[in-house]
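Residue numbers (our numbering): 1 to 255. Shown next, in structure tokens, is the structure this report addresses.
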Amino acid sequence: MVQKLPDHILHNLPRHLAIIMDGNGRWAKKRFLPRIIGHRQGAKTVKEIVTAARRWGIRYLTLYAFSKENWSRPKEEVDALMDLLSEYLQRELDELLGNKIRLRAIGDIEDLPPRVRTILFDTMNRTSKNYEMQLILALSYGGRAEIARAAKRLSLDVLQGKLRPDDVNENTFKSYLYTSDVPDPDLIIRTSGEMRLSNFLLYQAAYSELYITDTLWPDFNENELLKALEDYSRRERRFGKTSEQIVLKCTGNES
Ligand code: FPP
């Protein structure tokens, strides 16, 4: 069912929504099915959530599709996940183009098998001019690895005299991350009830609101996303300030 967004949610939408898609394996296990069937169902959820996010006007959607740690899963499962990713990119290209969605990837993309890399780069190139929404896939991604990579690139710039140590601050550091031109996530959703970040967007998540649901990713849907957005729309984001300061700012009475 196509849902219209209530006004109070529409006016408090996260600009950047990030999702830790968890629970595909448990979804399959509950049904005595192989894990890959859970991932396949999870890919259908990806489609539904991308469509809803685009329709509702979310500008950035980051999905944790494959972590650096996921390489240590059985080869059969890793191969199946890589196949699912390629199939998704091939199948959805027209949808991405038609809806002006730019596809991007963050992570150690060079770790991916060449066949997946080729499709990924092709999709990224063909959608690069799209501006309505950015769909960012975290692939072979780890937050600590991203921070270490940024530190390495930053120190090379210092060595080459392009940057002075005195100019290193939170903003200059951010410019070395994969997400240098992406606003920090306002809301991070994690499905299947686990209460952790699992190495996802560690630097960027400093002030993100967290929403954890017991729903397994293959069962997550537009309605579940609406519940998360409803919850988020009622939160007060203080960024370390007091509640009174935030109210004064909203009413324009801040001194
Ligand atoms: C976590 O569930 C999920 C993953 C490791 C992969 C996520 C992949 C998809 C949703 C499908 C393909 C992606 C795209 C973008 C088309 P889990 O296997 O860890 O579940 P469990 O904790 O219940 O075992």
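Even glycine gets a Cβ: it sits at the ideal position worked out from N, Cα and C. None of these values were measured; they are calculated from a predicted model.
- Boundaries of the beta strand (DSSP E) around residue 66: 60-67.
- Remark: C-beta atoms of residue 92 and residue 47 approach each other more closely than 8 Å.
- If you check the CB distance, residue 232 and residue 12 come in under 8 Å.
- Taking 7 Å as the cut-off, one finds at least one heavy atom of the ligand FPP near enough to the beta carbon of residue 65.
- DSSP places residue 144 in the uninterrupted alpha helix (DSSP H) bounded by 143-159.
- Closest in C-alpha terms to residue 74, from the list 210, 25, 32, comes 25.
- With respect to the 8 Å criterion, residue 143 and residue 202 are classified as neighbours on the basis of their beta carbons.
- Under the criterion of beta carbons closer than 8 Å, residue 102 and residue 127 qualify as touching, at roughly 5 Å.
- Our two residues, residue 211 and residue 161, have alpha carbons roughly 43 Å apart in a direct line.
- Under the three-state reduction of DSSP output, residue 211 falls in the strand class.
- For the pair residue 17 and residue 43, the CB atoms are not nearer than the 8 Å cut-off.
- In the three-state reduction of the DSSP assignment, residue 11 falls in the coil class, being assigned neither a helical nor a strand state.
- When C-alpha distances from residue 66 are compared across 169, 241, 136, 4, the shortest belongs to 136.
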